[in-house]
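Beneath this line is the structure, given in structure tokens, with notes to follow.
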Amino acid sequence: MTENNELIRSSAATLAGKLAAREVSAVEVTQAHLDRIAAVDGKVHAFLHVNTDEALAVAAEVDAIRAAGGPAAQELHALAGVPIAVKDLIVTVGQPTTAGSKILEGWHSPYDATVVKRLRAAKMPILGKTNLDEFAMGSSTEHSAFGPTHNPWDLDRIPGGSGGGSAAAVAAFEAPLALGTDTGGSIRQPGAVTGTVGVKPTYGGVSRYGAIAMASSLDQIGPVSRTVLDSALLHQVIGGHDPHDSTSLPDPLEDLVAAASIGNVHGMRIGIIKELHGEGYQTGVENRFNESLELLKSAGAEIVEVSCPNFKYALGAYYLIMPSEASSNLAKFDGVRYGLRVLPEDGPMTIERVMGATRAAGFGDEVKRRIILGTYALSAGYYDAYYGSAQKVRTLIQRDFDAAFAKADVLISPTAPTTAFKLGEKLNDPLAMYLNDVATIPANMAGVPGLSLPGGLADEDGLPVGVQLLAPARQDARLYRVGAVLESLLEAQWGGPLLDRAPSLTEPSPGTPSLADPALNDTVASHGGSH
Ligand code: GLN
227 MTENNELIRS SAATLAGKLA AREVSAVEVT QAHLDRIAAV DGKVHAFLHV
277 NTDEALAVAA EVDAIRAAGG PAAQELHALA GVPIAVKDLI VTVGQPTTAG
327 SKILEGWHSP YDATVVKRLR AAKMPILGKT NLDEFAMGSS TEHSAFGPTH
377 NPWDLDRIPG GSGGGSAAAV AAFEAPLALG TDTGGSIRQP GAVTGTVGVK
427 PTYGGVSRYG AIAMASSLDQ IGPVSRTVLD SALLHQVIGG HDPHDSTSLP
477 DPLEDLVAAA SIGNVHGMRI GIIKELHGEG YQTGVENRFN ESLELLKSAG
527 AEIVEVSCPN FKYALGAYYL IMPSEASSNL AKFDGVRYGL RVLPEDGPMT
577 IERVMGATRA AGFGDEVKRR IILGTYALSA GYYDAYYGSA QKVRTLIQRD
627 FDAAFAKADV LISPTAPTTA FKLGEKLNDP LAMYLNDVAT IPANMAGVPG
677 LSLPGGLADE DGLPVGVQLL APARQDARLY RVGAVLESLL EAQWGGPLLD
727 RAPSLTEPSP GTPSLADPAL NDTVASHGGS H
């Protein structure tokens with residue numbers, strides 16, 4: 227298996243430039259990534275499905291259009307021919323969508339998500355569908371019914387979650403770009419622990435039509451990439467109004483690519499959130515965070531401190547609102563309409579008993595835990611005490627953000643309190659798992675946009691640390707502006723991209739007999755059992 231190192235290590239922006247200049251063909255670029263997937267995904271397990279034939283066909287179409295020249299070639303999108311991976315919570319025609327659950331095994335969506343339609347309109351080859359915690363519930367991708375994804379920095383560690391597959395695919399150079407979904411941090415936290423960039427856009431800024439709903443008032447689709455500019459490029463493809471999503475904002479999309487190219491933060495006020503660092507954060511995370519503050523200060527930004535006293539209730543309120551909405555959203559997986567159907571072993575064959583048997587066999591433990599929690603929180607007598615109070619906390623969090631944004635243009639915090647932990651370490655301790663989202667959840671509760679970018683490696687363990695930027699709703703452009711400046715300052719300090727320091731994954735390691743997994747192509751790969 228030959229690997230084209232230069233192509234797989236290029237950013238999407240670089241690939242777009244090479245494709246436009248016809249220095250390389252879209253088929254070559256796509257094939258290089260498919261080869262990389264074949265070479266390393268047996269170890270990483272970022273993909274649940276690889277879409278070889280269709281990806282190559284789209285790439286060939288782009289090459290044919292470019293070769294013919296004329297207006298059709300002129301009209302090609304800048305990212306035409308740049309391949310992308312899609313989180314398997316987002317529905318696609320022609321490929322399976324599992325949501326990481328046995329309950330959807332074998333199901334094919336009859337329609338494309340709006341974001342997928344937009345990728346197709348831009349003629350970006352879709353490499354396949356990436357692994358996730360079942361129905362996006364988790365922070366480690368260990369709750370996938372198809373086995374965990376491994377962190378490319380250390381294969382014994384988690385890649386974050388729920389979008390660990392998308393983050394690991396991009397970190398392992400299997401894809402230059404990916405789509406994720408973020409309900410409480412599932413784009414940003416995997417970005418932090420894999421050394422990649424992840425953006426949760428403003429709520430309503432990217433259509434949710436075709437993202438299997440987890441908690442509809444919190445869910446948001448967004449970009450995953452290796453550079454801030456690449457996320458801006460992808461955000462520009464998927465963002466903007468969609469009549470199919472009733473919560474989609476009517477505003478025209480800002481020029482995010484231009485924002486990522488401004489190149490200065492002079493006079494910008496950057497607010498440190500007092501409640502989101504310090505106690506409970508790993509020393510190496512805190513050190514890298516402080517370095518980023520120094521760099522921004524040296525670039526002319528003004529660093530201020532803000533306090534968001536109600537953020538301490540965010541996690542508790544989230545774990546009432548999120549399960550409440552999920553318990554309702556997941557009621558449709560009933561053994562009648564989608565995927566799996568399990569018949570009761572004995573006794574009468576009633577519809578309720580078929581639903582019960584299907585849901586018992588089809589859902590994993592974490593999904594069941596949240597359905598039970600949500601159903602309880604919404605039940606008569608408890609609704610006001612739990613769900614009602616949580617909604618009030620949500621308003622208080624929004625007010626904290628309003629007050630903070632009166633003092634600062636952008637807020638900053640570590641993305642996650644620790645670096646990647648070991649697989650299995652928190653699997654049987656749901657509360658420890660939930661704590662990973664302490665810094666990412668407030669943004670979802672208020673609908674504001676957030677971006678995580680690599681801030682360096684922690685001193686203790688040499689693993690990536692994430693820095694999170696937050697902006698007021700509809701001001702996503704500010705994240706790209708500050709993010710791009712901070713990224714370039716950090717890279718100058720490191721002498722190149724952080725991911726250059728990650729293991730190659732193709733050096734033979736003792737006890738690893740085979741690198742390629744031929745069974746992966748065009749099948750739903752089922753590694754390991756369910757949890
Ligand atoms: N880890 C969080 C949870 O388990 C966030 C999930 C997400 O953003 N999809 O709910």
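First residue of the sequence shown? That's 227 in the numbering used here, and the numbers climb one at a time after it. Glycine included, C-beta positions come from ideal geometry on N, C-alpha and C.
On the premise that ILE316 lies in contact with ALA393, defined as a C-beta separation below 8 Å, what is that separation, rounded to the nearest angstrom? That pair is no contact at about 15 Å.
Inter-residue CB distance, GLY389 and SER412 (contact presumed, cutoff 8 Å): Indeed, because the Cβ distance is near 5 Å, the residues count as touching under 8 Å.
State yes or no: is the C-beta of MET758 nearer than 7 Å to some heavy atom of the ligand GLN? An answer regarding residue 758 cannot be provided, because it is not within the stretch 227 to 757 covered by the chain.
If you follow the alpha helix (DSSP H) that GLY692 is in, where does it begin and where does it stop? Here GLY692 belongs to no alpha helix (DSSP H); instead the beta strand (DSSP E) covers 690-696.
Applying the criterion that 16 or more other CB atoms from any shown protein chain within 10 Å of the CB defines a buried residue, is ILE598 buried or exposed? ILE598 should be labelled exposed.
Quick test of your reading: LEU482 and HIS461, contact by CB under 8 Å. State the CB separation rounded to the nearest angstrom. Between LEU482 and HIS461 the beta-carbon gap is near 5 Å, inside 8 Å, which marks them as a contact.
Which same chain residues, not among the five before or five after ALA192, have their C-beta less than 7 Å away from its C-beta? A query on residue 192 cannot be resolved here, the shown segment of the chain reaching from 227 to 757 and no further.
Using the C-alpha atoms, what's the distance from PRO378 back to VAL396? Taking the straight line joining both Cα atoms gives about 10 Å.
Evaluate SER518 with the Cβ neighbour count: other Cβ atoms within 10 Å of its Cβ, from every protein chain shown; 16 or more gives buried, anything less gives exposed. Result: buried.
Cα separation between ARG248 and ASP289? Just so you know, the alpha carbons of ARG248 and ASP289 end up roughly 9 Å apart.
Nearest to ALA246 by alpha carbon, out of LEU569, THR641, GLU301? The option with the nearest alpha carbon to ALA246 is GLU301.
Mind checking ILE488: buried by the 16 CB within 10 Å criterion, or exposed? An exposed status is given to ILE488, since fewer than 16 other beta-carbon atoms sit within 10 Å of its beta-carbon.
So, does the stretch 271-285 touch the stretch 320-328, judging by three or more C-beta pairs under 8 Å? At 8 Å Cβ cutoff, the stretches touch.
Integer-rounded CB distance, given that THR645 should sit under 8 Å from GLN508: Confirmed, Cβ separation roughly 6 Å.
Just curious, the alpha helix (DSSP H) that GLY417 is in, first and last residue? Run containing GLY417: 414-420, per the alpha helix (DSSP H) assignment.
Runs of beta strand (DSSP E) lying entirely within the stretch 445-470, each at least 3 residues, in chain order: Correct list: 447-451.
Strictly under 8 Å for the Cβ-Cβ distance: is ASP267 near chain C by that measure? Absent from the structure: chain C. Only one protein chain is present.
Going by DSSP, which residues form a beta bridge with GLU202? Because the chain spans 227 through 757 in this model, residue 202 falls outside it and cannot be assessed.
Name the residue from VAL419, THR601, ASN231 whose alpha carbon lies nearest to the alpha carbon of LYS648. The closest CA to that of LYS648, considering only VAL419, THR601, ASN231, is found on VAL419.
Could you compute how far the alpha carbon of GLY754 sits from the alpha carbon of MET350? With a pLDDT of 36 at GLY754, under the threshold of 50, the modelled position of that residue is not reliable, and no figure is offered here.
Would you tell me roughly how many angstroms separate the C-alpha atoms of ILE263 and PRO690, rounded to the nearest one? Going by C-alpha positions, ILE263 is about 22 Å away from PRO690.
Residues sharing a beta bridge with SER639, DSSP: Under DSSP, SER639 shares a beta bridge with GLN694.
Beta bridge counterpart(s) of GLY682 as assigned by DSSP: Answer is VAL691.
Are there 16 or more other CB atoms within 10 angstroms of the CB of THR576, so buried, or fewer, so exposed? Classification of THR576: exposed, given that the 10 Å Cβ count is below 16.
Which first and last residues belong to the alpha helix (DSSP H) in which VAL491 is found? Looking at the DSSP string, VAL491 is not in any alpha helix (DSSP H), and its letter there is neither H nor E.
Classify THR367 as helix, strand or coil using the three-state DSSP reduction. In the structure shown, THR367 adopts coil according to DSSP, grouped into three states.
Alpha carbon to alpha carbon, what distance is there between VAL270 and ASP743? Caution is warranted here: a pLDDT of 43 is assigned to ASP743, below 50, making its placement in the model unreliable, and the coordinate value is therefore given only provisionally. Using only the alpha carbons, I get a separation of about 11 Å.
Let me make sure I understand the geometry here. Which of PRO416, LEU444, ALA439, MET440 has the alpha-carbon closest to that of PRO427? Shortest Cα-Cα distance from PRO427 to any of PRO416, LEU444, ALA439, MET440 involves LEU444.
Do you know whose CA, among GLY682, GLU686, ARG704, ALA642, lies nearest GLY721's CA? In terms of Cα proximity to GLY721, the closest of GLY682, GLU686, ARG704, ALA642 is GLY682.
Segment contact flag, the stretch 535-551 with the stretch 397-408, C-beta cutoff 8 Å, min 3 pairs: Contact fails: fewer than three Cβ-Cβ distances are below 8 Å.
Heavy atom of the ligand GLN less than 7 Å from the Cβ of ASP408, yes or no? ASP408: yes, Cβ under 7 Å from the ligand GLN.
Range of the contiguous beta strand (DSSP E) that encloses LEU274: LEU274 -> beta strand (DSSP E) spans 273-276.
Under 7 Å: does the beta carbon of ALA362 sit that close to some heavy atom of the ligand GLN? Correct: ALA362 has its Cβ closer than 7 Å to the ligand GLN.
Three-state class that DSSP yields for THR749 in the structure shown: Note that THR749 scores a pLDDT of 40, beneath 50, so its modelled location is shaky; the value from the coordinates is reported in the next line. Note: THR749 maps to coil in three-state DSSP.
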